[in-house]
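Enquirer:
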Amino acid sequence: QKEVEQNSGPLSVPEGAIASLNCTYSDRVSQSFFWYRQYSGKSPELIMSIYSNGDKEDGRFTAQLNKASQYVSLLIRDSQPSDSATYLCAVNGGFQKLVFGTGTRLLVSP
Amino acid sequence: DAGVIQSPRHEVTEMGQEVTLRCKPISGHNSLFWYRQTMMRGLELLIYFNNNVPIDDSGMPEDRFSAKMPNASFSTLKIQPSEPRDSAVYFCASSLDPTRRGLDTEAFFGQGTRLTVV
């Protein structure tokens, strides 16, 4: 079983819709969770971090964490074509070891 | 801050040759990570250093791969001899130690080195 799992997609949504990206992890002791965005041919860039159960909002982005279910999600409201990218879920596997999922490709159509 | 700086950006080499990738972390960061990204396997952690000391190299695929961090501002990843299956994008990332920033382990990535072994 992979440590961090994501659906590879692509997830296609129309402009203005809500995009929902999901991630599950296997290590129950994980403490820190991150969402990175990666445009084609570019490096990953951090967009959200979350450490406690519940929701964390930052602009159009909301990260949700449920440690009991070992589940992290990212919601993107009012999706824009510029949001089209691969979204990587990352989990702190202890001692700063960040483990990444394989990413979900998001396509936002105008 | 210039961010994490990697060189070269692109490298094409022949099978059997030695390849050296270089990384300069963000000033003040004391953790450094080397990742490899391929379509099939995604982003894999190869090795990471804390305060210039290798902490976990369990992701290094085999003895052909080695990494060093002689000081806080420089690290290398070496592949000798290189093979076509090593072709990938290699990323270096850096972060602050969580003991200085609590649980925060935000890693900042360099632009990557695209390695092609023919």
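Chains as they are written, first to last, in the working numbering: chain C, 1 to 110; chain D, 1001 to 1118.
Yeah, the Cβ is synthetic: ideal placement off N, Cα and C, and Gly gets one too.
The model shown is predicted, which means the values in this text are computed figures rather than measured ones.
1) For a test of the three-state rule: what should DSSP assign to arginine 1022/D, helix, strand or coil?
2) Can you pull the DSSP bridge partners for serine 109/C?
3) Would you kindly work out how many angstroms separate the C-alpha atoms of methionine 1040/D and asparagine 7/C, rounded to a whole number?
4) Anything in the stretch 65–80 of chain C with a Cβ closer than 9 Å to a Cβ of chain D? List those residues in chain order, please.
5) Take isoleucine 76/C as the anchor and find which of Gly103/C, Lys97/C, Tyr87/C has the nearest alpha-carbon.
6) Label isoleucine 1079/D either buried or exposed according to how many other C-beta atoms from any shown protein chain fall within 10 Å of its C-beta, with 16 as the threshold for buried.
7) Is the beta carbon of serine 43/C sitting closer than 8 Å to the one on phenylalanine 1074/D?
8) Is alanine 90/C helix, strand or coil by DSSP?
9) Should the stretch 63–76 of chain C be called in touch with the stretch 28–35 of chain C, which here means at least 3 C-beta pairs below 8 Å?
10) Does any C-beta atom of chain C lie closer than 8 Å to the C-beta of arginine 1101/D?
11) How would you label glycine 80/C, buried or exposed, when you count the other beta carbons within 10 angstroms and need 16 or more for buried?
12) Do valine 91/C and glutamate 5/C have their C-beta atoms closer together than 8 Å?
13) Verify whether the separation of the beta carbon atoms of serine 84/C and valine 108/C is less than 8 Å.
14) Can you check DSSP and say which residues form a bridge with threonine 1076/D?
15) Determine, using beta carbons only, whether glycine 1028/D comes closer than 8 Å to chain C.
16) Whose C-beta lies closer than 6 Å to the C-beta of arginine 105/C among residues of the same chain, with five residues either side of it excluded?
17) Taking the DSSP output, what are the residues bridged to arginine 37/C?
18) Kindly indicate which three-state DSSP category serine 82/C falls into: helix, strand or coil?
19) Give the interface partners of glutamine 1111/D over in chain C, defined as CB-CB distance under 7 Å, in chain order.
20) Assuming alanine 1107/D and glutamine 1037/D form a contact by the criterion Cβ under 8 Å, report the distance between their Cβ atoms to the nearest whole angstrom.
Expert: So, from the listed chains and residues:
1) strand
2) Pro14/C
3) 14 Å
4) none
5) Tyr87/C
6) buried
7) no
8) strand
9) yes
10) Because arginine 1101/D sits at a pLDDT of 48, beneath the cut-off of 50, its placement in the model cannot be relied upon, and the following sentence gives the value as read from the coordinates. False, the Cβ-Cβ gap to chain C never drops below 8 Å.
11) According to the sequence displayed, residue 80/C carries glutamine and not glycine. The residue in question, glutamine 80/C, is exposed, as its Cβ has fewer than 16 Cβ neighbours within 10 Å.
12) no
13) yes
14) Arg1022/D, Lys1068/D
15) no
16) Gly9, Pro10, Thr86
17) Glu45/C, Tyr87/C
18) helix
19) Ser43
20) In fact, because the Cβ distance is near 14 Å, the residues do not count as touching under 8 Å.
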